[in-house]
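Everything on this sheet refers to the single structure shown next.
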């Protein structure tokens, strides 16, 4: 039986080149810029509600198993491989193609790192600065089966205003750069708007599903590992029935006619690779190794 569902995608950390990364640090970026950008983009896509996005933990698990990291640069083929292992239809990879900052100060030498005009409600005085920050980024959606680029998008942002460079007494205070935040948000918003409007991204997936049975290979509280993976038809999001084999009905000749199963509850698949799947069990009865998980389309 064919069924339709929303496309399932994964979003990798954005690629930030050495030059752009150095500029970001000078502009006051404190965290992993590539990861921050991907997290903001995921939030925008999820809120649009047109596709399903897998959890970051699922991608991190695949990267760890493949001995990769979120900061590694991926070509289309490698990205498609990661997405396929994660059980998604497409994977989104992005990069910062331009990041620049310029500053003109009324007095003194150039000071790259900006600070907010108030710290804990107190205005701290300082030099007056005119700053402009611009950022350009792009993203492409890759089919995990063919490594073909399905669609791409670009976003840019610019923020410019007068700013007070504050002097903070406490040396360990970490104050961010609101201009970089503003420019970044503009770019991500433009990027996500273009992606969310793409019929390629939002198209439903027509899939022919078949029933499958899988043995429970491991039990850890409510987390179960099934001895069947994506090669056997398992998909992230599947809801399976967990049951225990019981009485066996045989004919007079000793031929097994039927096995009576005791229902235990349901479980949802949260992760799946080629050979196994992780499910979260919902039910009060204890599950044991060798119990059965059944999926019916």
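Numbering (our numbering), first residue to last: 852 to 1148. For every residue, glycine included, the Cβ atom is placed at its ideal position computed from N, Cα and C.
Rounded C-alpha distance that separates residue i from residue j
i	j	result
residue 995	residue 1039	24 Å
residue 1141	residue 1104	27 Å
residue 953	residue 926	32 Å
residue 1117	residue 1098	21 Å
residue 944	residue 1000	10 Å
residue 1138	residue 1131	11 Å
residue 1029	residue 910	30 Å
residue 1113	residue 1136	10 Å
residue 906	residue 899	16 Å
residue 826	residue 1065	The question about residue 826 has no answer here: the residues shown for the chain are numbered 852 through 1148.
residue 1053	residue 942	13 Å
residue 1146	residue 1121	14 Å
residue 1093	residue 1143	6 Å
residue 919	residue 930	11 Å
residue 1056	residue 902	10 Å
residue 938	residue 883	26 Å
residue 951	residue 1002	27 Å
residue 1009	residue 1148	49 Å
residue 1115	residue 1095	7 Å
residue 1081	residue 1063	11 Å
residue 912	residue 1087	14 Å
residue 1060	residue 857	14 Å
residue 948	residue 1005	10 Å
residue 876	residue 1031	11 Å
residue 1026	residue 1072	Since pLDDT at residue 1026 reaches only 27, below the 50 mark, its modelled position is unreliable, and the value read off the structure follows with that caveat. If I take the Cα positions, the gap works out to 42 Å.
residue 887	residue 863	11 Å
residue 1109	residue 1102	10 Å
Cβ neighbour criterion (16 or more within 10 Å) applied to residue i
i	result
residue 859	buried
residue 1134	exposed
residue 1089	buried
residue 935	buried
residue 940	buried
residue 1085	buried
residue 1123	buried
residue 989	buried
residue 1035	buried
residue 986	buried
residue 866	buried
residue 855	exposed
residue 984	buried
residue 874	buried
residue 871	buried
residue 1107	exposed
residue 982	buried
residue 869	exposed
residue 1100	exposed
residue 1048	exposed
residue 908	exposed
residue 933	buried
residue 861	buried
Opposing strand residues paired with residue i [DSSP bridges]
i	result
residue 991	944, 1003
residue 1069	1076
residue 1096	1112
residue 1120	1130
residue 1146	1063
residue 983	953, 1011
residue 1101	1107
residue 903	859
residue 1090	1119
residue 866	946
Contact test: residue i Cβ vs the ligand ATP heavy atom, cutoff 6 Å
i	result
residue 1010	Here there are no bound small molecules, and the ligand ATP is not part of this structure.
request  = Ignoring anything shorter than 3 residues or poking outside the region 919 to 951, list the beta strand (DSSP E) runs there in chain order.
outcome  = none
query = Are at least three pairs of beta-carbons, each pair with one atom in the region 1074 to 1085 and one in the region 1113 to 1131, less than 8 Å apart?
reply = yes
ask   = If you pair each beta-carbon of the region 1037 to 1057 with each one of the region 893 to 903, do three or more pairs fall below 8 Å?
value = yes
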